[in-house]
Amino acid sequence: MNIRSLISYVLSLLALLLIQIFFLKNLALFGQAFAFLYLLGILLLPISLAPIPLLLIAFGMGFVIDVFYETIGIHMAAATLLAFFRPLWLKVISPTGGYDDLQAPTLGEMGLGWFLSYAFPLIFIFSMAFFGIDQWGFGSFFSILTKSLFSSIFTCLLAILVQLLFFKRRRGI
Amino acid sequence: MLRILQFLYRLRAFLLFILLEVIAIWMVVTNNSPQGAAFFNSSNAVIGSVLKKQADLVQFFSLAEANESLTEENAEIRSKLTFLTYPADSMYLPLDSALEVTYEFRGARVIANSLRFAQNYLTLNKGKKHGVKPGMGVFNPDGVVGRVKSVSENYSVAFSLLNTGLLISAKIKSTNDLVSVQWDGKNSLEANLLYVPRHILTQPGDTVITSGFNAVFPEGIPIGIIKEVNPDNDNPNYLKIRITLSTDFSKVSYVYLVENTQFEELDSLYQQSEISNEY
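Chains as they are written, first to last, in our numbering: chain Y, 1 to 173; chain W, 174 to 452.
Listed below in C-alpha cells is the structure:
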C-alpha cells in the first residue's frame, strides 16, 4: 500500500465517522431501520490487510462512534465482531482464482452481486450483536431480529448508493 | 514450551479479538450500572463541545417553538403568582421550618438525545461548574425527562426516562396509589406502570404524577396518562397498565434540573435505619 492510498483510506474513514455522527445519529426509518454507514469504512479496507490491524481499526471506530452515541461498548463489541468475521467470510466467498493482491472489496471492482453477498451478512452479524447487547434482557428475540434485518437492508442500500456516487468506477455494473 | 508459544502466536488474531470483546463488554456493563463510574461518555469536554455546536445549529430552527412554550409557561406561572402576592392589608405568618421548600431548580439545554435504543441518555450543557450533581431530577414543562447520571466540569449526562434501567416513583393522581414507572424499550411514546395491585380502581384517562417519595422529584410533576388497564397474565396479583408519556422526547430541548437540598440528610437517615432507598 503506498502513502497516497493510505491517506485516502484515512480521509474516507474520517469522513464516514463524521457523517455517521452528524447526520445519521438520530436517523431511524420507522423506528426500525438504523443506518450504520461507518461500517463501509471497515468493509472497504484492502483484502490483504492482516486481521490484527483490522480488529484494531474496527475497535477504534466503534469507540469514536460510541462516545458520541452515548452507547459505550456496544458499537465497539459489534464492530470488532464484524472485523473478526470479515477475513473468514472473504475466504468463504472468494471467487475462483482468489483475489488480486491489492484489490479492495468495492462495488466497482467486484460487482453488485458479489458486494451484496459480502456486505449483507457481515452487516447483519453486526446489527444482531448491536441490538442484542442494546436490548439485553428486555427486547424479545423477534424485535432484535426485525431491527437487525431492516437496519442491514437500509445500511446496504446506503453503502451501495455512496459507492455509486463517490467512487471511481472501474467497470460497468 | 516453544510449541505452546507457536500455537498462541498462530492464534494471536483470535486472542486479540477475545481481549477487545471483553474490554467492550466490560465497558457496557460499567456504563449501564447506575453506581458504576463511566470513564468515557459525552460529558467529556471535547465531545461535549462538538455536540453543543451541532445542537446550536439544529435547535436554531426550533427556537420559535421553544419561545412559544416558554411564554405559555410564563403565563401559567404569572397566573399562579397573583394568588401568592399579599393584598395591602393582609397579615403574614411565617410557617414552621418543617414545611419549608426544599427543592432548588436550575435550567439547562439538551445538546444530545436519543430515543431509539433500549438505553437512552441525554447530554446537558450544564456541569459541576453550574452546580449540577449526579442524582438530580430532570424535567420540562410537559413532564419528567430523566435523572442526572454523571457530571463533568461543563457538561452532564442524564438517564432518559426512555432507559430501561430507570425506575421513577409515581402515583395515580385521582386515587393516590403509589406505583413505579418503567420504560419497556419499545415505543418512545409509552411506558409501563409496575407494581399496581389488583384492588386499585383506575381507568384509562387517569393522570400519573411523581409521588415526591423518592426525594428526587417534587410531588406533582406529570409523567403520563393511563392508556389501557389489563390484568397481568404472568402475575395474577398485579395489573398491567400502559401509560402515554406526557413528554415528547423527540422534541426535548430545554429542561429544568431539580435538586432536593435535604437529600443527604434523608439519605443518611435511611442508611441509619438500614432502609435501602433505591432511587
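In this text, a Cβ means the ideal position worked out from N, Cα and C, and glycines have one as well.
At a cut-off of 9 Å, the C-beta of W/M200 has a neighbouring C-beta in chain Y.
In the structure shown, the three-state DSSP call for W/I284 is strand. Positions of the alpha helix (DSSP H) runs, each at least 4 residues long and wholly inside the region 2-55 of chain Y, are given as 3-22 and 39-43 in order along the chain. Contact of W/Y294 with chain Y by beta-carbon distance below 8 Å involves E70.
By DSSP's assignment, W/S353 forms a beta bridge with W/S342 and W/L367.
W/T383 and W/K344 have their alpha carbons spaced roughly 6 Å apart.
Proximity of the region 54-61 of chain Y to the region 70-86 of chain Y meets the contact definition, three or more beta-carbon pairs being nearer than 8 Å. Linking Y/Y118 to Y/L82 through their CA atoms gives a straight-line distance of about 12 Å. Straight-line measurement puts the Cα of W/K301 at about 6 Å from the Cα of W/N327. Judged by beta-carbon spacing, W/Y427 lies within the 9 Å limit of W/A239, meaning their Cβ atoms are closer than that value. Beta-bridge pairing by DSSP links W/V402 to W/I414. Between Y/Q135 and W/A291, the beta carbon gap of about 4 Å places them in contact (Cβ cut-off 8 Å).
A residue is called buried when at least 16 other Cβ atoms come within 10 angstroms of its Cβ; W/W199 does not meet this threshold and is exposed. W/E241 sits away from W/P314, with the two beta carbons spaced by 9 Å or more.
With respect to the 9 Å criterion, W/N433 and W/A388 are classified as neighbours on the basis of their beta carbons. By the Cβ test, the region 152-166 of chain Y is not in contact with the region 354-362 of chain W, since fewer than three Cβ pairs between them sit closer than 8 Å. For W/Q292, the enclosing beta strand (DSSP E) starts and ends at Q292 to L297.
Put simply, the backbone Cα of Y/L39 is about 13 Å away from that of Y/I21. W/F390 carries a coil assignment under DSSP once its states are collapsed to helix, strand and coil.
What W/V330 touches in chain Y, judged by beta-carbon distance under 9 Å, is E70, going in chain order. W/T383: member of the beta strand (DSSP E) spanning T380 to T383, first to last residue. Here W/A197 carries a helix assignment [DSSP, helix/strand/coil]. Membership of W/N240 in the alpha helix (DSSP H) is indicated by the continuous run L236 to L257.
Going by DSSP, W/R320 is part of the beta strand (DSSP E) stretching over G316 to V324.
Rounded to the nearest whole angstrom, the C-alpha separation of Y/L49 and W/P377 is 60 Å.
Taking the C-beta atoms as reference points, W/V283 is found no nearer than 9 Å to W/P307. Counting along the chain, no alpha helix (DSSP H) covers W/S419, and no H or E run does either.
Burial check for W/G310: the Cβ neighbour count within 10 Å reaches 16 or more, so the residue is buried. Exclusion of the five residues before and after Y/G132 leaves I144 as the residues of its chain whose Cβ lies within less than 6 Å of its Cβ. Contact annotation: in the region 225-243 of chain W, residues whose CB is within less than 8 Å of a CB in chain Y are Q227. CA-to-CA, the gap between Y/I7 and W/F386 works out to about 58 Å.
For W/S333, the uninterrupted beta strand (DSSP E) segment begins and ends at S329 to N336. Closer than 9 Å to the CB of Y/N2 there is not a single CB belonging to chain W. Burial is judged here by how many other beta carbons sit within 10 angstroms of a residue's own beta carbon; W/E249 has fewer than 16 and is exposed. W/G310: member of the beta strand (DSSP E) spanning G310 to N313, first to last residue.
At least 9 Å separates the beta-carbon of W/L374 from that of W/V352.
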